[in-house]
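Take a look at the structure set out below.
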Amino acid sequence: MNFKQALAALDSAPHWRKRAPYLEAWRQAGLHSAKLTGERIAERVAENPDIPIVFGSRERPSQATAAELLRESYEVAAAFHRLGLREGDVLVSQMPNWREGTLTLLASLHLGLIFVPMVHIYGSAEMTFIINTVGAKAVVVPDRWKKIDYGARIAGFGDVPTLELVIVVGDEPMPGVVTRWRDLERDAIQLPALTATSDDPWLIMFTSGTTSAPKGVVHTHNSFGAEVPLFPTVPSPAGRAKLLPLPAGHSAGVIAALRPFLASDACLMMDAWDEELAVELIKRHRPDRAGGVPFMISFLLDRAAELFPNGLVQLSVGAASVPSTLMQRCEEHGWPGTRTYGSTEHPTISGAIPSDPFQKRATTDGRLLAGVEVRLVDDDGATVGEDVPGEIVSMGPELFKGYLDPAHNAGGFAEDGWFHTGDIGQLDADGYLRIVDRKKDIIIRGGENISSKEVEDVLTLHPAVAEVAVVAWPDERLGEKVGVFVRLKPAAALSIDDIAAHFAAADIARQKTPERLVIVDDFPRTPAGKILKTELRERVRSLAQEGTPA
42 MNFKQALAAL DSAPHWRKRA PYLEAWRQAG LHSAKLTGER IAERVAENPD
92 IPIVFGSRER PSQATAAELL RESYEVAAAF HRLGLREGDV LVSQMPNWRE
142 GTLTLLASLH LGLIFVPMVH IYGSAEMTFI INTVGAKAVV VPDRWKKIDY
192 GARIAGFGDV PTLELVIVVG DEPMPGVVTR WRDLERDAIQ LPALTATSDD
242 PWLIMFTSGT TSAPKGVVHT HNSFGAEVPL FPTVPSPAGR AKLLPLPAGH
292 SAGVIAALRP FLASDACLMM DAWDEELAVE LIKRHRPDRA GGVPFMISFL
342 LDRAAELFPN GLVQLSVGAA SVPSTLMQRC EEHGWPGTRT YGSTEHPTIS
392 GAIPSDPFQK RATTDGRLLA GVEVRLVDDD GATVGEDVPG EIVSMGPELF
442 KGYLDPAHNA GGFAEDGWFH TGDIGQLDAD GYLRIVDRKK DIIIRGGENI
492 SSKEVEDVLT LHPAVAEVAV VAWPDERLGE KVGVFVRLKP AAALSIDDIA
542 AHFAAADIAR QKTPERLVIV DDFPRTPAGK ILKTELRERV RSLAQEGTPA
């Protein structure tokens, strides 16, 4: 099945057909629209043209208003059209959070292209796979960024028969025939009217599986367009920006890029997390809200008095595991810390807001967004009770249309079309959702289920621990034991005996006490800064096979 056939198959897929009554309900509620995302952006920017956007970067810093970027994006769309790109063609972008990256995103909307952002860690092999999977006609890349030589990356492509255009931002030599961004012919033209509907695909993101090639996640104009205005953030009382150091190829980065245009929210973006640059940008632009993953937030807290003398009105934290101690530190500074929960497939299912009680903000991932529904089920698919852990099965206006591969859809959706998230959660009497674990992160020790997140939360309280990740460690007798990877605080030390004493003092069940310890200088991370447990599990398998003691 080729790409076009895969998209067509989604329209007749059982899970999508069963979504019809929900789509109508979301339209009636104003959560979905008959308009394409580009049309909605044009209307919103006309109402709020002066929203500032800052692109923080050492290589290519820039800033502009929403109206200026929108106007420029029409010129870029005209240039892309002259190069032969037409509605329905696929454009892959591996651009960082630079001005040109946002212009590429907006231009794709004006032309009706299918936009495929790609995280920068994907090399030649992954890029070749994705380009061929979606039949991409064009790719937009920098010439060089950080330590990545995109010339070498492009030279390493395998056979990519559909690829006709390589558009390069920058002046360094590149292999083959490329089009330089600086040479785009931007004279305005009347762009052709689009035939797509708001339930047609616009955005495809690839998310890595644990045992397979990246999965293509297909979002429509409506599904991703609903996500941006519904995201649980608060406006700035002073009209200041929100610091969002989120990677452009990640779903969170695409949300951040769209916020100025669909939510009229000023944004201070960064092309990569850089502590020194973050300090410079914060002192220059004085954001009063911020978002990021725990290690970024921890840095901001360490420099709180220097960087935010007037405080913050919201600090959004997103990660698979958010320590309650981090939320407590936010509270001590008077910053309302909030947690959110979602995935590439369903970007935001729940989220807290600053007015929620602190205990709820510290220990849960907030309440469901407007239009979102969840049910929590056991292994047999039966709905569990209040405060009982179960797999989260979701439905909502931001839910993706489906995977490109029909085999993934068959296993990813329930019979009624709801999405199996693979996450274990609990829903309390007040409607707050708490993520207990990833289903695959449950450690089964001698038949007992142990939540890796629960172990992480306890170990994070140890004074020597800066950051921790818990994974299953194979064991011949018990099946699995609790293994921990720990990054220590400066000059700290930690032994397995110290951990045992800590868990005993916390009165935690002995079975949950870690029995294997690995000290690390840092963790492998996703571009968004989240710990890559898949790589830690690979390391555990190697250590277990070698019989290496830990």
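Counting in the numbering used here, the sequence shown runs from 42 upward without gaps.
In this text, a Cβ means the ideal position worked out from N, Cα and C, and glycines have one as well.
One thing to note: T169 has its Cβ within 8 Å of the Cβ of V201. With respect to E427, T462 sits apart: the two C-beta atoms are not nearer than 8 Å. For V512 against L500, the beta-carbon gap comes to about 13 Å, at or over 8 Å, which does not count as contact. V415 has S435 as its beta-bridge partners, per DSSP. G458 carries a coil assignment under DSSP once its states are collapsed to helix, strand and coil. Within the region 246-279, the complete beta strand (DSSP E) segments at least 3 residues long are 256-261, listed from N- to C-terminus.
For S134, the enclosing beta strand (DSSP E) begins and ends at 131-134. In the structure shown, Y191 falls within a helical segment according to DSSP collapsed to helix, strand and coil. The C-alpha of L367 is placed about 21 Å away from the C-alpha of K574.
Contact between L577 and F526 is confirmed by a C-beta separation of about 6 Å, below the 8 Å threshold.
DSSP places K401 within a helical segment (H, G or I) once states are collapsed to three. It is roughly 8 Å from the alpha-carbon of V207 to the alpha-carbon of V182.
S391 sits in a strand when the DSSP states are folded into three classes. G466 is positioned such that its CB atom lies no closer than 8 Å to that of L410. For the region 486-565, the continuous alpha helix (DSSP H) assignments of 4+ residues that do not extend past its boundaries occur at 493-500, 537-546, in sequence order.
The alpha helix (DSSP H) runs of length 4 or more contained entirely in the region 162-242 are, from start to end of the chain, 165-175, 191-196. A Cβ-Cβ separation of about 22 Å leaves L287 out of contact with A279 under the 8 Å criterion. At a Cβ-Cβ threshold of 8 Å, T405 and A393 count as neighbours. Within the region 312-393, the complete beta strand (DSSP E) segments at least 3 residues long are 330-333, 355-358, 378-382, listed from N- to C-terminus. Cα atoms of A542 and L348: separation of roughly 37 Å, rounded to the nearest angstrom. Taking L77 as reference, the option from R370, A267, Y63, E109 with the minimal CA-CA separation is A267. A buried status is given to L535, since no fewer than 16 other beta-carbon atoms sit within 10 Å of its beta-carbon. Taken atom to atom, the span from the alpha-carbon of E316 to that of P93 is near 22 Å. By the criterion of at least three beta-carbon pairs nearer than 8 Å, the region 238-247 is in contact with the region 258-272. Of the candidates V160, S357, A229, S357 places its Cα closest to the Cα of F272.
Under DSSP, P93 forms a beta bridge with T106. The continuous stretches of beta strand (DSSP E) do not include F302, which lies in the alpha helix (DSSP H) extending over residues 292-303.
When C-beta atoms of the region 100-117 are compared with those of the region 139-154, three or more pairs fall below 8 Å, so the two segments count as touching.
In the pairwise beta carbon analysis, the region 338-348 is classified as not touching the region 547-558: fewer than three pairs are separated by under 8 Å. Annotation for K283: the continuous beta strand (DSSP E) segment containing it runs 283-285.
In the DSSP assignment, P158 falls within the beta strand (DSSP E) that extends over 155-158.
A direct Cα-to-Cα measurement between I82 and A107 gives close to 10 Å. Taking every protein chain shown into account, the CB of M215 has 16 or more other CB atoms within 10 angstroms, so this residue is buried. When DSSP states are grouped into helix, strand and coil, G443 belongs to the strand group. By the criterion of a C-beta distance shorter than 8 Å, T220 is surrounded in its chain by L124, L206, V207, I208, V209, once the five residues flanking it on both sides are discounted.
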